[in-house]
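One structure is given below, encoded as structure tokens.
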Amino acid sequence: MVLSVCAGIVQASSLDELGPEDLRNAQNVTLLTEDYPPYNFTEADELRGVGADVVQAMANAIGYHKRMEALPWKRVMLRLEDEAEIGVFSMTRTPQREEMYAWVGPIVKARVGLYQLTERRSLVHSVQGLRYVEAIGVQAGGAHEQALLEYGFENLEPIFNQGSGIQMLAVGRIDLLVSSDIELFEQLKKTELTLDDLELVYSFGRGDLYLAFSKQTSVSALTAWQAAYDHIVENGQFDMIMEKYGMIGDQYPLFEGDLSIGQ
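Heads up: the sequence shown at position 209 corresponds to 189 in my numbering, and the numbers run straight through without jumps.
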């Protein structure tokens, strides 16, 4: 079996090459997430969402049957940092986090950008101009809020219920919304708005999400989870789940710049 864990990246051989100890260790980890539609959310006491579906498919591949628990994000992060054998999804992978965890995935592929209503087109024409709009809506405590704060943005409006982002944009509580295409795809189904009502102002590029493990997690367990991911990619399950949840795509930002959400 060939395995390396370098800079938090896990690479494993095929599922068939896993041994009993690998599977036992993988089945012993605790998986945590948050309620953050459409990536992960609880409905009728069941965990659903695009990230949850991918992780569940991986779990099925290695016989993992423990309950995956949804908790407030701050509690999830505390456990990830303090405990061994913890896996968390769906997490944005940034340079700030790279060495802190071990990464398996990406379990969700998405593009992230700043959106506005076309009928309220602003006078923003540059990255610098983004600093002067009244309010930019962004997930509270998330990687994008952290990155924008590090860039010195002072006009952020934290969103604690991400499903309300589109509504906040529609009623003028925020001028711009940080969102992925897959989030918008889901949120638009719950409003009277259509894609034509939204405009991509600025693109941060790819916003892939991962299954992140505490650094104390055994290499054996990481091997199995990476093999499970590779397995569902190879057999087509991953693409089927992505297609089920849909992506908007084919949008071009009003302007470009050097503001990278991953820096």
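All C-beta atoms in this analysis are idealised placements derived from N, C-alpha and C, irrespective of residue type, glycine included.
Does the beta-carbon of residue i have 16 or more other beta-carbons within 10 angstroms, so that it is buried, or is it exposed?
| i | result |
| --- | --- |
| Met38 | buried |
| Asn215 | exposed |
| Tyr81 | buried |
| His105 | exposed |
| Ala41 | buried |
| Pro52 | exposed |
| His45 | exposed |
| Asp210 | buried |
| Ser160 | buried |
| Arg73 | buried |
| Gln243 | With a pLDDT of 36 at Gln243, under the threshold of 50, the modelled position of that residue is not reliable, and no figure is offered here. |
| Tyr112 | exposed |
| Gly117 | buried |
| Ala24 | exposed |
| Pro0 | exposed |
| Glu130 | exposed |
| Gln119 | buried |
| Gly187 | buried |
| Asp155 | buried |
| Val151 | exposed |
| Pro138 | exposed |
| Tyr232 | exposed |
| Glu163 | buried |
| Leu103 | exposed |
| Thr245 | This structure leaves residue 245 out entirely; the chain is present only between -19 and 243. |
| Leu60 | buried |
Below 8 Å on the Cβ atoms is my guess for residue i versus residue j; work out the distance and round it to an integer in Å.
| i | j | result |
| --- | --- | --- |
| Val88 | Leu189 | 4 Å |
| Asp192 | Met71 | For the sequence presented, residue 192 should be read as Ala rather than Asp. 4 Å between Cβ atoms; contact. |
| Leu234 | Val181 | 5 Å |
| Leu11 | Val84 | That belief does not hold up - the Cβ atoms of Leu11 and Val84 are roughly 11 Å apart, past 8 Å. |
| Gly145 | Leu157 | 5 Å |
| Asp15 | Ala50 | 5 Å |
| Asn141 | Glu114 | That pair is no contact at about 20 Å. |
| Gly31 | Phe69 | 5 Å |
| Asp245 | Ile221 | Residue 245 falls outside the range modelled here, since the chain spans only -19 to 243, and no answer is possible. |
Would you list the one or two residues that DSSP bridges to residue i?
| i | result |
| --- | --- |
| Arg111 | Paired residues: none, contrary to the question. |
| Arg28 | Phe21 |
| Ile146 | Answer is none; Ile146 lacks a bridge partner. |
| Thr10 | Ile66 |
| Gln119 | Ile139 |
| Val88 | Leu189 |
| Tyr16 | Asn20 |
State the DSSP-derived secondary structure class of residue i, mapped to helix, strand or coil.
| i | result |
| --- | --- |
| Gly93 | strand |
| Leu103 | coil |
| Leu(-2) | coil |
| Leu129 | helix |
| Leu3 | helix |
Against chain C, does residue i count as a neighbour if the rule is that its beta carbon must be under 8 Å from one of theirs?
| i | result |
| --- | --- |
| Phe165 | Looking at the structure shown, chain C is missing, and only one protein chain is on hand. |
Report task. Within the region 186 to 237, note down every full beta strand (DSSP E) run reaching 3 residues or more, in order along the chain. Result -> Counting only runs that start and end inside the region 186 to 237, the beta strand (DSSP E) elements of at least 3 residues fall at 189 to 194.
Requested in this report: Please go through the region 150 to 188 and give each complete beta strand (DSSP E) segment of 3 or more residues, from N-terminal end onward.
Outcome: Taking only runs of at least 3 residues, the beta strand (DSSP E) segments lying wholly in the region 150 to 188 are 156 to 160, 178 to 186.
Requested in this report: Just list the alpha helix (DSSP H) runs in the region 44 to 84, keeping only unbroken ones of 4 residues or longer that don't cross its boundaries, in chain order.
Outcome: Correct list: 53 to 62.
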